[in-house]
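Visitor: Residue numbers (my numbering), protein chains in the order written: chain F, 341 to 545; chain V, 839 to 1086.
Heads up, the beta-carbon is just placed ideally off N, CA and C, and yes, glycines get one too.
None of these values were measured; they are calculated from a predicted model.
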């Protein structure tokens, strides 16, 4: 540990808050945006979400059909690799478990998933990180429809991983046997991105 | 464990006041493996009781292997790390640093096509690295920079930008001031909008590589304008910082 002469830092958070903030993160009350390019604006009439398994199309929902799927509310802390964390954010959407069930997949497949998004963004996951009601395709934030700047009409929400994994403007989830890096994972970021293990960049841990 | 990007000790060797709220800090970083223009670093500072804070800063100095790198730091109101860097850090002090980070918001002199740079405030820092890299490489790639500042006093790198433009090698800068405009001001005034982007930037048909860096609302508005005037979304690379301006 290298003590930095003259650095004091903010008033220390209470122990309860400290336990909720992963290493190297700070708590913000704002909701910053991190996007590699312009905001994507997709009209609800043009929006669909598809599920793919090994190249085969399993299911496609348009907006109305998606809204009719079982809706789940989830309260969670989120952690961005750019160092901010936000506590107690409230989301609504459809869990990946419920999507699989709606697609007629009784038992979740083994392996990996690539999320594909409007604007060309993609991000990869182990399926284990998406099931057991830990992740959803979210359409509402704090009781309101998700604005485009924050990924609306629908974004991934995988709150136990760094927030770049919660891909904005998601349109297609491709389940497959082999893992492959997505957009940021190809550009130096960590393949999994667990904030508690501080897996920010390729090679961390 | 940080296998590929270990924490390195970075010692401040020079402090340069750019404006009342902005300083450029030169760090000597033994073990630094070089960077590309547009990349950033993470810095880590540790208080005596072990409390740690990390932040990201763009590298402002020219790309290359030089283990002396420059970060340009703006004061964030109620900030934790920037006031330390601006008010407490002295020449000879050390912090920890790792990088370079980011493989998307980058430009290299070998890239074909014109370069369109749009900066808001201290968002100029990674774009300055691109301009310095271009000058070091004697590249003649056409570049247009649109640079928005609140007032003339807040323009960062003013003289260096003038000097680079004076070289007459294809770099043109347009300044615009959004709040205080002094008498006799020759640049643009007001926020960057579609008219300014059209008149002062490259046309979509010239297929420029576009880099936009600044506060979040600034970047959002400009990226939307760029798409509206016909620039391909895939040609626009953005880097945002600071609050969104939303009350959430």
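Strictly by DSSP, which residues pair up with residue 510 (chain F)?
Guide: F:457
Visitor: Suppose contacts are defined by Cβ-Cβ distances below 8 Å. Is residue 506 (chain F) in contact with residue 379 (chain F) by that definition?
Guide: no
Visitor: At a Cβ threshold of 8 Å, is residue 1003 (chain V) touching chain F?
Guide: No Cβ of chain F is located within less than 8 Å of the beta carbon of residue 1003 (chain V).
Visitor: Suppose you measure from the CA of residue 451 (chain F) to the CA of residue 391 (chain F); what does that come to, to the nearest Å?
Guide: 15 Å
Visitor: Using the rule of at least 16 other Cβ atoms within 10 Å of the residue's Cβ for burial, across every protein chain shown, is residue 396 (chain F) buried or exposed?
Guide: Counting Cβ neighbours within 10 Å, residue 396 (chain F) comes out exposed, since fewer than 16 surround it.
Visitor: Could you give the DSSP three-state label for residue 966 (chain V): helix, strand or coil?
Guide: helix
Visitor: Span of the alpha helix (DSSP H) holding residue 1057 (chain V)?
Guide: That run of the alpha helix (DSSP H) goes 1054-1066.
Visitor: Strictly below 7 Å CB to CB, what residues from chain F border residue 894 (chain V)?
Guide: 422 and 423
Visitor: List in chain order: all unbroken alpha helix (DSSP H) runs of 4+ residues lying wholly within the stretch 940-1019 of chain V.
Guide: 962-974 and 996-1004
Visitor: The stretch 472-490 of chain F: which residues have C-beta closer than 9 Å to a C-beta of chain V, in chain order?
Guide: Taking 9 Å as the Cβ-Cβ cut-off against chain V, the residues of the stretch 472-490 of chain F that qualify are 481, 482, 487, 489 and 490.
Visitor: Going by DSSP, what residues sit across from residue 462 (chain F) in a beta bridge?
Guide: For residue 462 (chain F), the beta-bridge partners assigned by DSSP are F:456.
Visitor: On the criterion of 16 or more Cβ atoms from any shown chain inside 10 Å, does residue 872 (chain V) qualify as buried, or is it exposed?
Guide: Its Cβ having fewer than 16 others within 10 Å, residue 872 (chain V) is exposed.
Visitor: May I ask you to list, following chain order, the residues of the stretch 341-371 of chain F that have a beta carbon less than 9 Å from some beta carbon of chain V?
Guide: Within the stretch 341-371 of chain F, the residues whose Cβ lies closer than 9 Å to some Cβ of chain V are 341, 342, 343, 344, 345, 346, 347, 348, 349, 350, 352, 363, 364, 365, 366, 368, 369, 370 and 371, listed in chain order.
Visitor: Taking all protein chains shown into account, decide if residue 957 (chain V) is buried (16 or more other Cβ within 10 angstroms of its Cβ) or exposed.
Guide: Buried, because 16 or more other Cβ atoms sit within 10 Å of the Cβ of residue 957 (chain V).
Visitor: What does the alpha-carbon distance come out to for the pair residue 977 (chain V) and residue 905 (chain V)?
Guide: 23 Å
Visitor: Measure from the C-beta of residue 461 (chain F) to each C-beta in chain V and report whether the shortest distance is under 8 Å.
Guide: no
Visitor: Out of F:409, F:498 and F:524, point me to the one whose CA is closest to residue 444 (chain F)'s CA.
Guide: F:409
Visitor: Kindly give me the distance between the Cβ atoms of residue 990 (chain V) and residue 1015 (chain V), rounded to whole angstroms, as I take these residues to be in contact under 8 Å.
Guide: Taking C-beta atoms under 8 Å as the contact rule, residue 990 (chain V) and residue 1015 (chain V) qualify, at a distance of about 6 Å.
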